[in-house]
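Here the structure is laid out as structure tokens; the discussion comes afterwards.
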Amino acid sequence: MLHDGVFYAYATNAQGNQANVQMATSTNLADWALVREGGKLHDAMPKMPAWTREGFTWAPEVIRTKDGFVLYYTARERSSGLQCIGAAFSISPKGPFVSDAPEPMVCQRDLGGTIDANPFRDADGSLYLYYKNDGNNPKFGKPTILYGQKLSADGLKLEGPVAELLRNDTKWEAHVIEAPTMVRTADGYAMFFSANHYGWEADQRLSPYAMGWAKCTGPMGPCTDAGANPILYSYNSRDAGCLSGPGHQSVFSVGARQFISFHAWAATPGCRKLDNKRFMYVAPLGWKDGAPQIANSLRPTK
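For the sequence shown, this note's numbering begins at 14 and goes up steadily by one.
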């Protein structure tokens, strides 16, 4: 997110509960620094609401509203043990983001829980939230579905009906589709998403996690899988380097240019798993004949 000349990136909780929501900043999209205070990681949401259990705060996304900034996050619900979505507010992009909500914003408990919230502002100013039921939770074994729903003007409440947009019904997606990201295009709407197993197991040359997209007629669908999916996936190239398990993307604009950010596993130059960490990547996003084009040569942010 860009605010007053500074780019802000938000990330899943740090190991050892050092921060519920990590944050990094940049002024050029290439050089990033974790925000620290007194040698400790800055926590953009230092106090979690009572319905959550500490240590499972995932996939934060922030959008600016007329009153300030709203952070959407996934957290473990204390009563059910499922991952659910909440929203918190701050007058600053650095936080502290605060919520005293007694329950999650949305939690599809009969479908495995709800994760991966992503907000979208349409050209008319309307706000929408996209999310996924956590049906691939081993205790449930249900299909995974991407949903859309309208938000209130302040971004803190869901309104109206829920629309089913996509589900994991193609071979490359395997057992999971997740991380929906809606964008406006020159000829309509497009929704990016990620699919397949996010991990990089010892017996795998590269992670099967990858990114796809779908064409949508409106912010509430209907959406149709693009024929040429996935559009970004693992590779080991002498020219472009190693990329393993790219996904969970966000799209943002700087003037007339669009960029896409995502994470992928840390790897050695020989494309072997480096450690149990993932890097954030940023790449230019273009469009050709109505289809997204992501830069061929990608490098992790510093």
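In this text, a Cβ means the ideal position worked out from N, Cα and C, and glycines have one as well.
Would you give the residue range spanned by the beta strand (DSSP E) that residue i belongs to?
i    : result
M195 : I190 to T198
C97  : Q96 to S103
W185 : From DSSP, W185 is part of no beta strand (DSSP E); its letter is neither H nor E.
P106 : No beta strand (DSSP E) holds P106; DSSP gives it neither H nor E.
S266 : G260 to V267
V19  : V19 to A24
C255 : G254 to L256
Mind checking residue i: buried by the 16 CB within 10 Å criterion, or exposed?
i    : result
I104 : exposed
H188 : exposed
P235 : exposed
R270 : exposed
V295 : buried
K145 : buried
S257 : buried
Rounded to the nearest angstrom, what separates residue i and residue j at their Cα positions?
i    : j    : result
S310 : P115 : Per-residue confidence for S310 stands at a pLDDT of 48, beneath the threshold of 50, marking its modelled position as unreliable; the derived number appears in the next sentence. One C-alpha to the other measures close to 46 Å.
V19  : K152 : 42 Å
D123 : Y85  : 21 Å
L47  : N41  : 15 Å
A32  : E74  : 16 Å
T194 : E214 : 26 Å
Y141 : P232 : 8 Å
A27  : K228 : 35 Å
Q121 : K53  : 35 Å
S250 : L298 : 20 Å
When DSSP labels each residue in this structure, what does residue i get in the three-state scheme?
i    : result
G161 : strand
L171 : strand
I307 : strand
R122 : helix
Q217 : coil
G29  : helix
I273 : strand
C236 : strand
C229 : strand
W64  : coil
S207 : strand
F292 : strand
T70  : strand
With a threshold of 6 Å on Cβ separation, who are the neighbours of residue i within its own chain once the five nearest residues in sequence on each side are excluded?
i   : result
H16 : P106
T25 : W71
Give me, in chain order, the residues of the same chain whose beta-carbon lies closer than 8 Å to that of residue i; leave out the 5 immediate sequence neighbours on both sides.
i    : result
W185 : A208, N209, A223, G225, N242 and P243
Near residue i, which residues of its chain fall below 7 Å by C-beta distance, leaving aside the five closest residues on each side in sequence?
i    : result
A279 : L287, D288, K290, R291 and F292
For residue i, verify whether its CB is less than 7 Å away from any heavy atom of the ligand COA.
i   : result
H16 : The model depicted lacks the ligand COA and carries no ligand whatsoever.
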